[in-house]
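Engineer: Residue numbers (the UniProt record's numbering): 1 to 689.
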Ligand code: ADP
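1) Does residue 381 come out as helix, strand or coil in the three-state DSSP assignment?
2) With a threshold of 6 angstroms (Cβ to nearest heavy atom), would residue 486 be considered close to the ligand ADP?
3) Along the chain, which unbroken stretches of the beta strand (DSSP E) at least 3 residues long are found entirely within the region 572-655?
4) Write down the C-beta distance between residue 615 and residue 681 rounded to the nearest angstrom, noting that I regard them as a contact closer than 8 angstroms.
5) What is the DSSP secondary structure of residue 78, reduced to helix, strand or coil?
6) Comparing alpha-carbon positions, which option in 276, 530, 580 lies nearest residue 174?
7) Suppose the cutoff is 7 angstroms on Cβ atoms and the five residues either side in sequence are ignored; what does the same chain contact list for residue 232 look like?
8) Report yes if the C-beta of residue 647 is less than 6 angstroms from at least one heavy atom of the ligand ADP; otherwise report no.
9) Going by the C-beta, is residue 635 closer than 6 angstroms to any heavy atom of the ligand ADP?
10) Assign residue 419 to one of three DSSP states: helix, strand, or coil.
11) Can you name, in chain order, every residue of its own chain whose Cβ lies under 6 angstroms from the Cβ of residue 484, other than the five neighbours on each side?
12) Which value, in whole angstroms, describes the spacing of the CA atoms of residue 247 and residue 158?
13) Whole-angstrom Cβ separation of residue 569 and residue 610, contact assumed at under 8 angstroms?
14) What is the rounded straight-line gap between the Cα of residue 229 and the Cα of residue 288?
15) Which runs of the alpha helix (DSSP H) at least 4 residues long sit entirely within the UniProt domain "PAS" (299-372)? Give them in chain order.
16) Which residues bound the alpha helix (DSSP H) around residue 443?
17) Does the Cβ of residue 458 lie closer than 6 angstroms to at least one heavy atom of the ligand ADP?
18) Which residues bound the beta strand (DSSP E) around residue 669?
19) Using the three-state DSSP reduction, which class does residue 677 fall into: helix, strand or coil?
20) Quick check on residue 98: buried or exposed, where buried means 16 or more other Cβ atoms within 10 Å of its Cβ?
21) Helix, strand or coil for residue 398? Go by DSSP, reduced to three states.
22) Quick one: what's residue 143 bridged to in DSSP?
23) With distances taken from CA atoms, which of 191, 577, 439 is nearest residue 272?
24) How many angstroms separate the CA atom of residue 646 from the CA atom of residue 634?
25) Would you say residue 414 and residue 431 are within 7 angstroms of each other, going by their C-beta atoms?
26) Report the CB separation of residue 602 from residue 562 in whole angstroms; it is logged as a contact under 8 angstroms.
27) Please name the residue in 75, 491, 441, 661 whose C-alpha comes closest to that of residue 400.
28) Just how far apart, CA to CA, sit residue 70 and residue 142?
29) Exposed or buried, residue 622, counting other C-beta atoms within 10 Å across all chains shown (16 or more means buried)?
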């Protein structure tokens with residue numbers, strides 16, 4: 001601008017100077033050159049210059065570049081003052097006028113930024129400076145000035161501003177601040193707003209000093225940070241530091257600083273540039289994750305331990321491929337397989353399964369998988385989720401099979417599986433457990449063997465008792481047979497008369513039939529005791545059974561001068577029991593009682609009643625020598641006997657029978673003389689509840 005004035009003054013001077021034509025020519029050439037340079041400089045910097053006289057119509061001067069940047073044809077003249085005004089953006093016009101009027105009034109320079117709006121709608125940014133030229137009277141003779149098209153600059157500035165904003169936002173989001181410093185001279189060249197804020201300073205209040213930053217580092221870490229910074233920066237090495245900062249009123253925060261030397265010529269000597277990351281949050285998350293992982297690991301270990309202790313393995317199967325996708329550690333152990341990271345394939349598994357058990361397993365899996373695939377159809381089309389639940393229940397597979405270990409030992413396992421279905425009813429997985437039930441199975445076999453052995457023993461006991469009762473039974477049988485014979489011969493007599501008395505004959509024949517039936521009944525009862533039939537519970541009248549046994553043992557008792565008495569409670573309820581077993585218990589106890597009184601004779605009484613606990617109780621008491629002294633408990637043990645020919649099994653069998661019915665059997669002295677054996681049986685309604 002000053003240059004423009006000078007050139008114009010020179011031009012004016014040029015006209016008035018009395019000089020030789022050669023000198024003049026040289027001066028003119030000089031001027032032209034300088035004007036050309038000026039025009040070139042204006043073009044390069046997009047700077048237009050102008051001049052006008054306040055209050056005068058039109059412009060005194062527009063440089064070529066001003067025409068160009070305002071996009072006005074130079075031939076368009078005369079240069080109207082309004083032309084420039086028309087280009088000024090309407091929103092900025094008032095500001096331009098105000099600034100000019102103020103400068104005119106205050107007789108001073110004016111500087112302003114404004115926008116230009118072109119007829120086709122384009123915008124340009126201008127930077128305008130106006131300067132007053134005064135006449136001798138000190139009045140403003142002219143305003144000269146420049147208008148620079150700074151659109152490009154503005155765009156760059158805007159882009160820079162935006163990218164700076166993005167960078168600041170990025171730093172904020174990642175808790176990362178940037179910095180640049182020289183540790184030797186303790187100079188800070190740059191500290192981003194995020195970086196300054198991280199150390200607890202207000203970024204608005206300017207750049208804190210090196211010492212300020214150092215003060216904010218946790219006292220325990222300050223020395224280490226300073227020393228490391230200086231040592232590494234002296235040797236030009238990259239920085240990698242972790243430390244804590246303790247800003248006032250803030251909890252301790254954890255920082256990670258990385259930096260490297262700036263090797264550009266433009267940078268200050270010893271300058272380092274880098275970033276500092278606030279890792280507090282990440283550290284917390286890492287710690288939380290680590291804790292969660294530890295918890296998971298622990299619970300996995302407990303689970304593995306629980307699986308080991310309970311001999312339970314777990315597995316998962318992909319229904320799409322039918323392949324095993326998970327196998328717990330215990331699964332490998334149960335299946336006798338070497339533990340591997342990946343689950344074993346079906347080949348390896350089937351080698352461990354007893355060949356006879358493979359077909360049902362395959363069939364079970366196939367059936368379940370086929371049905372599982374229908375889950376979503378059930379869900380979609382038929383009965384909705386209720387139907388699905390029913391189907392899922394149906395799909396819960398339970399299989400039992402044998403595992404053959406490499407050493408040939410057999411294991412029994414029970415596998416439970418059920419499908420996992422997503423919200424849409426699609427089958428995603430099939431999961432389950434396998435329990436090693438070998439011990440359980442062994443115990444079951446053992447129990448079965450014992451049960452069988454007990455049954456055999458009980459049977460033997462019955463047969464041996466019947467042996468002892470042979471006389472009694474034959475006597476028992478003799479009675480109906482004798483009665484039958486008498487009745488039959490009486491019938492014959494009635495019929496043999498001249499006038500046969502058919503009526504009497506029918507009556508005696510009926511009596512014969514009755515006696516025959518009674519004999520058949522006795523034989524049936526005895527046969528039942530001989531027969532080896534499985535136990536059968538039925539509703540029985542307890543008193544009725546007592547009566548039967550008393551009748552059967554009547555002769556036996558008489559033989560040894562033992563009188564028998566019964567004492568039945570009225571209206572005792574029915575009991576649920578096995579007839580033969582109950583007869584066996586009664587017979588055992590009563591035979592023992594008779595045997596105890598063999599030498600002396602005595603009294604045997606059988607009582608029934610409903611006891612205080614609501615149980616049916618039968619008591620068999622005698623007036624014999626009583627229980628063997630100090631052996632009251634032992635008498636129930638198998639093989640305990642005080643008799644030369646005794647087996648010692650009677651009471652043991654009785655107790656096991658009574659207990660299998662849910663009752664108890666015990667012995668007590670019968671007052672001052674003899675022994676009393678009692679046993680209880682639950683009444684029928686006890687079973688119903
Ligand atoms: P066994 O009759 O073959 O000895 P039991 O198991 O029936 O086997 O009886 C075991 C023992 O209990 C008898 O040897 C006897 O000592 C005792 N005992 C059983 N019943 C009586 C009783 N009524 N009075 C006295 N002792 C009895």
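Note that beta-carbon positions come from the ideal geometry of N, C-alpha and C, so glycine has one too. Computed from a prediction, not measured in an experiment: that's the story for all the values here.
Structural biologist: Answer, in terms of the structure:
1) The predicted position of residue 381 is uncertain, since its pLDDT is 47 and thus under 50; no value can be drawn from it.
2) no
3) 575-578, 602-610, 616-621
4) 7 angstroms
5) Confidence at residue 78 is low in this model, with a pLDDT of 47, below 50, so its placement is unreliable and no value can be given for it.
6) 276
7) 239
8) yes
9) yes
10) strand
11) 512, 515, 516
12) 35 angstroms
13) 6 angstroms
14) 32 angstroms
15) 329-334, 346-352, 358-372
16) 438-468
17) no
18) 665-669
19) strand
20) exposed
21) strand
22) 52, 132
23) 191
24) 15 angstroms
25) no
26) 6 angstroms
27) 441
28) 21 angstroms
29) buried
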